[in-house]
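K.L.:
One line per chain: the protein sequences are W and Y, in this order.
Each residue of the first sequence is one higher than the last, beginning at 1 in my numbering.
Each residue of the second sequence is one higher than the last, beginning at 1001 in my numbering.
Ideal Cβ placement from N, Cα and C applies to all residues, glycine included.
Protein chains: 2
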Amino acid sequence: MSTPPSEPRRGRGRPRKFDHATALDAALLTFWKRGYGGTSLDDLTAAMGMNRPSIYAAFGNKEAVYAAAVDHYVATIARRYLDPLAKRRDLRAELMAFYDAIIDVVTGRYGPHGCIVACTLPAEAEVSPQARKQLARVLFDADRALGARIALARDAGEIGAESDVRQLAALAASGTLALSIRARAGAPRRELRRLAQTFVTAVTGGIKRPRAARRSSA
Amino acid sequence: MSTPPSEPRRGRGRPRKFDHATALDAALLTFWKRGYGGTSLDDLTAAMGMNRPSIYAAFGNKEAVYAAAVDHYVATIARRYLDPLAKRRDLRAELMAFYDAIIDVVTGRYGPHGCIVACTLPAEAEVSPQARKQLARVLFDADRALGARIALARDAGEIGAESDVRQLAALAASGTLALSIRARAGAPRRELRRLAQTFVTAVTGGIKRPRAARRSSA
DNA sequence: TTAATTTTGTACCGTCTGATTCAATATTAG
DNA sequence: CTAATATTGAATCAGACGGTACAAAATTAA
Chain W
1 MSTPPSEPRR GRGRPRKFDH ATALDAALLT FWKRGYGGTS LDDLTAAMGM NRPSIYAAFG
61 NKEAVYAAAV DHYVATIARR YLDPLAKRRD LRAELMAFYD AIIDVVTGRY GPHGCIVACT
121 LPAEAEVSPQ ARKQLARVLF DADRALGARI ALARDAGEIG AESDVRQLAA LAASGTLALS
181 IRARAGAPRR ELRRLAQTFV TAVTGGIKRP RAARRSSA
Chain Y
1001 MSTPPSEPRR GRGRPRKFDH ATALDAALLT FWKRGYGGTS LDDLTAAMGM NRPSIYAAFG
1061 NKEAVYAAAV DHYVATIARR YLDPLAKRRD LRAELMAFYD AIIDVVTGRY GPHGCIVACT
1121 LPAEAEVSPQ ARKQLARVLF DADRALGARI ALARDAGEIG AESDVRQLAA LAASGTLALS
1181 IRARAGAPRR ELRRLAQTFV TAVTGGIKRP RAARRSSA
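1) Consult DSSP for Y/Arg1012 and reduce its assignment to one of helix, strand or coil.
2) Can you list, in chain order, the residues of its chain with a C-beta nearer than 6 Å to that of Y/Gly1175? Leave out the 5 residues immediately preceding and following it.
3) Counting C-beta neighbours from all protein chains within 10 Å, is the total for Y/Ala1086 16 or more, i.e. buried, or is it exposed?
4) What residues in its chain sit with their C-beta under 7 Å from that of W/Thr30, if we drop five residues either side in the sequence?
5) What residues from chain Y crowd round W/Thr120, counting only those whose CB sits closer than 8 Å?
6) Please confirm if the stretch 1177-1192 of chain Y is in contact with the stretch 1117-1124 of chain Y, defined as three or more CB-CB distances below 8 Å between the two stretches.
7) Kindly indicate if chain Y contains any beta-carbon less than 8 Å away from that of W/Glu126.
8) Which residues in chain Y have a C-beta closer than 9 Å to the C-beta of W/Ala36? List them in chain order.
9) Are the C-beta atoms of Y/Thr1107 and some chain W residue less than 8 Å apart?
10) Classify Y/Val1200 as helix, strand or coil using the three-state DSSP reduction.
11) Which residues, taken in chain order from the stretch 160-192 of chain W, show a beta carbon closer than 7 Å to some beta carbon of chain Y?
12) Under the rule that 16 or more other beta-carbon atoms within 10 Å means buried, what is W/Thr204, buried or exposed?
13) Residues of chain W with CB closer than 9 Å to the CB of Y/Arg1194, please, in chain order.
14) Residues of chain W with CB under 9 Å from Y/Thr1204, in chain order?
15) So which residues on chain W does Y/Ala1136 lean against when the C-beta distance must stay under 7 Å?
16) Among residues of its own chain, excluding the 5 on either side of Y/Gly1147, which ones have a beta-carbon nearer than 7 Å to its beta-carbon?
17) State yes or no: is the C-beta of Y/Val1065 within less than 8 Å of the C-beta of Y/Ile1055?
18) Give the single residue among W/Gln197, W/Asp19, W/Ala75, W/Glu191 whose Cα lies nearest to the Cα of W/Thr107.
19) The alpha helix (DSSP H) with Y/Glu1094 in it runs from where to where?
20) Exposed or buried, which one is Y/Glu1094 when buried takes at least 16 other CB atoms within 10 Å?
21) Do Y/Pro1015 and W/Gly114 have their CB atoms nearer than 8 Å?
22) Give every residue of the same chain whose Cβ lies closer than 6 Å to the Cβ of W/His72, excluding the five residues on either side of it in the sequence, and list them in chain order.
23) If you draw a straight line from the alpha carbon of W/Ala196 to that of Y/Pro1112, how long is it in whole angstroms?
24) Does Y/Gly1114 have its Cβ less than 8 Å from a Cβ in chain W?
25) CA-CA distance, Y/Ser1163 and W/Lys33?
26) Go to W/Glu126, then tell me how far its alpha helix (DSSP H) extends in each direction, as first and last residue.
27) Would you tell me roughly how many angstroms separate the C-alpha atoms of Y/Ala1068 and Y/Phe1059, rounded to the nearest one?
28) Could you pull out every residue in the same chain whose Cβ sits closer than 7 Å to the Cβ of Y/Ala1151, ignoring the five residues on either side in sequence?
29) Is the shortest distance between the beta-carbon of Y/Leu1139 and the beta-carbons of chain W less than 8 Å?
30) Helix, strand or coil for Y/Met1050? Go by DSSP, reduced to three states.
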């Protein structure tokens, strides 16, 4: 969002005891699990291994730490499911790999269930303009990444040339939100995989079948 | 969820100054906007027009008030978009009316943006088993309601007999989550309508065209 | 009228909240 | 070795937190 209050300085003073990225990892896990309002500074100091003044000097107040944690999620965890979009397979396989990677995340492989963006950010967005903007930005970026990949598929003739790429991207992005929330509700992995398959079919097959015979329905 | 601590009693003692449903309305609006962690008991007493002991006697502690508020949302607000599913038009029109009603809600016509279930409940679900169960239950009920309507359409031949009704219902329900979160991010009404149209097409048109010519794509 | 019953309103409980102050500590520049 | 600089850790701040005790108030049953 804005320039962090303090990047790792080097020079004279006492050296820092913490690693910037590691501390952010810990903050991320804490906010991810407990949400913004459910996380206290004591929770953060315990998880990050830093005392309050160090946190404030390095990241700013609680709200700023939360925003940094969300950005950190996008930069580290979201990468795990955005990367498969660049493998240049056919759109159907690529989308399913995308959703599979998301399912790995939201079922708790790298942290709590669900995604910090879908599960905790909306709760703050109605009260905090900063949170609302951050939520909007992350959704926009997801739309854009998916849209770029889908546009490639359209140009390659995998889907109809008349396809509305932006709407297909919005549809595909909606799948990530649904997977996230359902995972947090406790949905088992196979249920999430079924839903992902349904979205893949809706995005790729509902418009024009790339090559395989049409699936049963969903 | 469970029996409320106190339903409107009548008999001897001093009469209540508050109306049960009206107080729940106020609690709902407060939690809906601020989330669970962002709402204090002072917020609740101010909004509900009740002092703390009355709230505790009538609803229980903060967690119980929140759970009751979510149930109240389902019983009062969700009705506004579940009702259109019973009008017995063709599935396409009925789904669009369903989403239109949802858009009315999530764009702030009856309260804050988004839906209290999609926007605030997931934030608590990872820490509170009660919240997780409530989230799962609401999602399940939505799937069931949509599934029932879609099964009707299948039996009427509007969609293919081989359609996987449960997956189409899960897809349609995912649309409600996406609309809710995007609305909270500040998405304008027309963008939500486009997304809703995309979901309607994905659910009804992606499988078998009921009667109208196919839309452009989304 | 009186006794029983229920809700209200205030005041308060101990604890936790986010945030800050400040001396002690650990480093580098000169 | 000294001066300058930056971080740490403990202690502390005023206020807000969720929750409760208790007496005054308002009703109905007898």
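P.N.:
Well, looking at it:
1) coil
2) Phe1199
3) exposed
4) Thr39, Asp43, Leu44, Ala47
5) Pro1122, Ala1123
6) yes
7) yes
8) In the sequence as displayed, the identity of residue 36 of chain W is Tyr instead of Ala. Under the 9 Å cutoff, chain Y gives Gly1035, Gly1037, Gly1038, Ala1123.
9) no
10) helix
11) Gly160, Glu162, Ser163, Asp164, Gln167, Leu168, Ala170, Leu171, Ser174, Gly175, Leu177, Ala178, Ile181, Arg182, Arg184, Ala185, Gly186
12) buried
13) Asp164, Arg166, Gln167, Ala170
14) Correct list: empty, because the minimum Cβ distance to chain W is about 10 Å.
15) Ala185, Gly186
16) Val1165, Arg1166, Ala1169
17) yes
18) W/Glu191
19) 1091-1106
20) buried
21) no
22) Leu24, Leu28
23) 30 Å
24) yes
25) 37 Å
26) Counting along the chain, W/Glu126 falls outside any alpha helix (DSSP H), and DSSP gives it neither H nor E.
27) 8 Å
28) Val1165
29) yes
30) coil
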